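*Asks:* Encoded as structure tokens, here's the structure I'll be asking about.
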């Protein structure tokens, strides 16, 4: 099966209009020609009835006077053929009278064409070779010992000529209208599709350009559909551009974080090769340094893998007791962190989430608090319920986070100015992983200040089933 040819919107509009206009013009022309033809045939019917009446008035001594009939008739009888059969005296042979040329007309033999041109809906229409299309009508005059049958054949050649003229006019109007309509619709459709063409041209140009790959498409004022389409495309492009920017920043930061320990390791390897034999003590120090740096690289790679899994993970959420998970995670972190960790809100609280993900989030936030809060600080873990909403807050009285940093602390590899100290170990991925896991579990995570100083990370479980018993 032949596939349809690809067309532009402009070409499709023009083609469909041409087809619709042509069909409409053909239907209109056929309707006009049919109405004109029917009216003309009806007119011939009326004229044939008048001819029969005038023919009956022209009888003299039971014989038609053809000259008087033609003179007194108001209708042109030049191409009219009449046969009159007088059967008044049935015992005698009927008398037949013919108008001028009628005998030759009736003597003409029917041809294949005349047999083919049979009109079942109009049996009065007949075709005779050499005479064209004719209308047949008959009438019987009875009474006063009279039985006269009159038959009339009226030529419809004038009607055919008129119809042909009408058809020619309709055809000319169709051609002229189609040409004008094609021109008008071409201008209109080109104007309607100019916005789409502009978007397509701009998109093609920007797709080939390296410098404008992050540019948005122009938004036309009209039509409304194209404007909304351009706006939707720009929203999609903005999301893609932002994601592309973040991916570039992620790759750049990951490369930077990996390049530093690799350079240090290679430097110590080179140092051992050059001076290890003369100074054996260098080997031990370099191995310790290489071990530390490789541990940092391992931690970074593990964080990158965890972040990648979090981006693609599909979680299975269940109802579980949040207090139990908090207590277990806090006990694990107490063995690692120097700060004191207090837990409040001991009543059982059920939430809907992935239990493993929630434990990971709590561990990350506690580990982050242990890095930045003083060793003598206190970390408070508080569980609060408010109707169907449960909030888990992890607070520390360490340094506060500036407002300009709060909106970036969940970005990958982002570390505030105070975090770049060599005393703070980390790669800036922990909170990004926590944010991603929270999003997968429909948990809202916020950061607020603690008075007089400190910071609070708040996990808000919007779909929870709180049961405060005992």
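Numbering (full-length UniProt numbering), first residue to last: 1 to 470. Even for Gly, the Cβ is constructed at its ideal location relative to N, Cα and C. In this text the structure is predicted, and so the values were computed from the model without any measurement.
#1: Helix, strand or coil: how does DSSP classify residue 239 here?
#2: Among 384, 33 and 434, which has the Cα closest to the Cα of residue 171?
#3: Do the segment 320–339 and the segment 362–370 meet, that is, are 3 or more Cβ pairs less than 8 angstroms apart?
#4: Can you check the segment 13–61 for any alpha helix (DSSP H) of at least 4 residues that lies completely inside it and give the ranges in chain order?
#5: What is the DSSP secondary structure of residue 294, reduced to helix, strand or coil?
#6: Assuming the contact rule is C-beta atoms closer than 8 angstroms, residue 80 and residue 96 should be a hit. Round their C-beta distance to whole Å, please.
#7: By a C-beta neighbour count over all protein chains shown, 10 Å radius and 16 as the cutoff for buried, is residue 176 buried or exposed?
#8: Roughly how many angstroms separate the alpha carbons of residue 128 and residue 35, rounded to a whole number?
#9: If you follow the beta strand (DSSP E) that residue 445 is part of, which residue opens it and which one closes it?
#10: Below 8 angstroms, how does it come out for the segment 147–159 and the segment 176–192: are there three or more Cβ pairs, yes or no?
#11: Measure the C-alpha to C-alpha separation of residue 429 and residue 360 and round it to an integer number of angstroms.
#12: Just confirm the distance between the C-beta atoms of residue 323 and residue 380, as a whole number of angstroms; I'd bet it's less than 8 angstroms.
#13: So, is residue 47 buried or exposed, given that buried needs 16 or more other C-beta atoms within 10 angstroms?
#14: To the nearest angstrom, how far is it from the Cα of residue 228 to the Cα of residue 234?
#15: What three-state label does DSSP hand residue 456 in the structure shown?
#16: Kindly list the residues whose CB is nearer than 8 angstroms to the CB of residue 441, restricted to its own chain and excluding five residues on each side of it in sequence; keep chain order.
#17: Measure the alpha-carbon distance for residue 333 versus residue 263 and round it to whole angstroms.
#18: For the alpha helix (DSSP H) that contains residue 162, what are its first and last residues?
#19: Run through DSSP, which three-state label would residue 317 get?
#20: Under a Cβ-count criterion, where at least 16 other Cβ atoms within 10 Å of its own Cβ denotes burial, should residue 374 be classed as buried or exposed?
#21: So the beta strand (DSSP E) residue 396 belongs to, where does it begin and stop?
#22: Mind checking residue 436: buried by the 16 CB within 10 Å criterion, or exposed?
#23: Taking the alpha-carbon positions, what's the residue 191 to residue 405 distance?
#24: Should residue 376 be labelled buried (16 or more other beta-carbon atoms within 10 Å of its own) or exposed?
#25: Given that a residue counts as buried once 16 or more other Cβ atoms are within 10 Å of its Cβ, and exposed if not, what is residue 461?
#26: For my contact list, residue 326 and residue 392 are in at a C-beta cut-off of 8 angstroms; report their separation, rounded to the angstrom.
#27: In terms of residue numbering, what span does the alpha helix (DSSP H) encompassing residue 140 cover?
#28: How long is the line joining the alpha carbons of residue 56 and residue 64, rounded to whole angstroms?
#29: Rounded to whole angstroms, what is the Cα-Cα separation between residue 459 and residue 225?
#30: By DSSP's criteria, residue 353 is part of a beta bridge. Which residues make up the other side?
#31: What residue does the alpha helix (DSSP H) around residue 107 start on, and which one ends it?
#32: If you run the structure through DSSP and keep just helix, strand and coil, what is residue 403?
#33: Using only the alpha-carbon positions, how far apart do residue 231 and residue 12 sit?
#34: Could you work out which residue in 444, 382 and 106 is closest to residue 130 when comparing CA atoms only?
*Replies:* A quick look at the data gives this:
#1: Your numbering for residue 239 matches position 239 in the chain shown. If DSSP states are grouped into helix, strand and coil, residue 239 belongs with the helices.
#2: The residue labelled residue 171 in the question sits at position 171 within the chain shown. For residue 171, the nearest C-alpha among the options comes from 33.
#3: yes
#4: none
#5: Position 294 of the chain shown, counting from 1, holds the residue named residue 294. Correct three-state label for residue 294: helix.
#6: Counting from 1 along the chain shown, the entry for residue 80 is found at position 80. Counting from 1 along the chain shown, the entry for residue 96 is found at position 96. Actually they do not touch by this definition, with Cβ atoms about 17 angstroms apart.
#7: Taking the chain shown and counting its residues from 1, one reaches residue 176 at position 176. So residue 176 ends up on the exposed side.
#8: To locate residue 128, count along the chain shown from 1; it is residue 128. To locate residue 35, count along the chain shown from 1; it is residue 35. If you take the alpha carbons of residue 128 and residue 35, they lie about 24 angstroms apart.
#9: Here residue 445 refers to the residue found at position 445 of the chain shown. Taken as a continuous stretch (DSSP letters only), the beta strand (DSSP E) holding residue 445 covers 443–449.
#10: no
#11: If you number the chain shown from 1, residue 429 lands on position 429. If you number the chain shown from 1, residue 360 lands on position 360. Cα to Cα, the separation comes out at about 13 angstroms.
#12: Within the chain shown, the letter at position 323 stands for residue 323. Within the chain shown, the letter at position 380 stands for residue 380. Contact flag wrong, Cβ pair sits at about 15 angstroms.
#13: Along the chain shown, read from residue 1 onward, the residue named residue 47 stands at position 47. Buried, by the Cβ-count rule.
#14: For the purposes of this step, residue 228 is taken as the residue at position 228 of the chain shown. For the purposes of this step, residue 234 is taken as the residue at position 234 of the chain shown. Rounded to whole angstroms, residue 228 to residue 234 spans 10 angstroms at the Cα level.
#15: Position 456 of the chain shown, counting from 1, holds the residue named residue 456. Three-state DSSP puts residue 456 in a strand.
#16: In the chain shown, residue 441 corresponds to position 441, counting from 1. So the qualifying residues of the chain are 315, 317, 353, 354, 357 and 358.
#17: On the chain shown, residue 333 is found 333 positions in, with the first residue counted as 1. On the chain shown, residue 263 is found 263 positions in, with the first residue counted as 1. For residue 333 and residue 263, the distance between alpha carbons rounds to 32 angstroms.
#18: Taking the first residue of the chain shown as position 1, residue 162 is located at position 162. 157–192 is the span of the alpha helix (DSSP H), which, as asked, contains residue 162.
#19: Looking up residue 317 in the chain shown gives position 317. Three-state result, residue 317: coil.
#20: Taking the chain shown and counting its residues from 1, the one referred to as residue 374 is at position 374. Per the 10 Å Cβ criterion, exposed.
#21: For the purposes of this step, residue 396 is taken as the residue at position 396 of the chain shown. Per DSSP, residue 396 belongs to the beta strand (DSSP E) from 389–396.
#22: If you number the chain shown from 1, residue 436 lands on position 436. Buried, since its Cβ has 16 or more Cβ neighbours within 10 Å.
#23: The sequence position of residue 191 within the chain shown is 191, counting from 1. The sequence position of residue 405 within the chain shown is 405, counting from 1. Spanning the two alpha carbons is a distance of roughly 50 angstroms.
#24: Along the chain shown, one-based indexing puts residue 376 at 376. The residue in question, residue 376, is exposed, as its Cβ has fewer than 16 Cβ neighbours within 10 Å.
#25: For the purposes of this step, residue 461 is taken as residue 461 along the chain shown, with counting starting at 1. Buried is the call here.
#26: Within the chain shown, residue 326 is the residue found at index 326, counting from 1. Within the chain shown, residue 392 is the residue found at index 392, counting from 1. About 7 angstroms separates the two Cβ atoms, so the contact holds.
#27: The sequence position of residue 140 within the chain shown is 140, counting from 1. Counting along the chain, residue 140 falls outside any alpha helix (DSSP H), though it belongs to the beta strand (DSSP E) covering 132–142.
#28: The sequence position of residue 56 within the chain shown is 56, counting from 1. The sequence position of residue 64 within the chain shown is 64, counting from 1. If I take the Cα positions, the gap works out to 8 angstroms.
#29: For the purposes of this step, residue 459 is taken as residue 459 along the chain shown, with counting starting at 1. For the purposes of this step, residue 225 is taken as residue 225 along the chain shown, with counting starting at 1. So the two alpha carbons sit approximately 42 angstroms from each other.
#30: Locating residue 353 in the chain shown gives position 353, where the first residue counts as 1. Its beta-bridge partners are 318.
#31: Position 107 of the chain shown, counted from the first residue, corresponds to residue 107. Run containing residue 107: 102–107, per the alpha helix (DSSP H) assignment.
#32: Position 403 of the chain shown, counting from 1, holds the residue named residue 403. Helix.
#33: For the purposes of this step, residue 231 is taken as residue 231 along the chain shown, with counting starting at 1. For the purposes of this step, residue 12 is taken as residue 12 along the chain shown, with counting starting at 1. So the two alpha carbons sit approximately 25 angstroms from each other.
#34: Translated into positions along the chain shown, residue 130 becomes position 130. Of the listed residues, the one whose Cα sits closest to residue 130 is 106.
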